[in-house]
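Structure first, then comments.
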Amino acid sequence: MLHQYLTEVHYVNSKGEDAGVVFSEQMSKEHNMDLLVNRLMRKYLYPEGHPYSFEAGGIASEIIKDSGNISELTEYRRKYFHLNNM
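For the record, in the sequence shown the residue sitting at position 44 is 44 according to the UniProt record's numbering, with numbers rising by one throughout.
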């Protein structure tokens, strides 16, 4: 699981650059003016904590910050990803 997490979410490649499928997708969204305006509108229209105030895919800077915490991810998955929660 660790290898899949590191390659799919975020890792630093051999050139020292941030990479990973999820990280790259979020970076492309963060450089799209329409999506930036939409995120800012949701930030100001909806109170903090409202479902529409969140960025569903995450924010690239937060993905980098959290990418090293595999134990939290594993615990979260163990706790919430089971048939009783569907």
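Glycine included, every Cβ here is placed at the ideal spot set by N, Cα and C.
Closest option to SER53, judged by alpha-carbon separation, among ARG42, MET86 and GLY20: ARG42. Judged by DSSP in its simplified three-state form, VAL12 adopts strand. At the C-beta level, GLY16 and VAL9 stay beyond 7 Å of one another. According to the DSSP secondary-structure assignment, ASP34 is paired through a beta bridge with no residue. In the DSSP secondary-structure assignment, ALA19 is bridged to TYR11.
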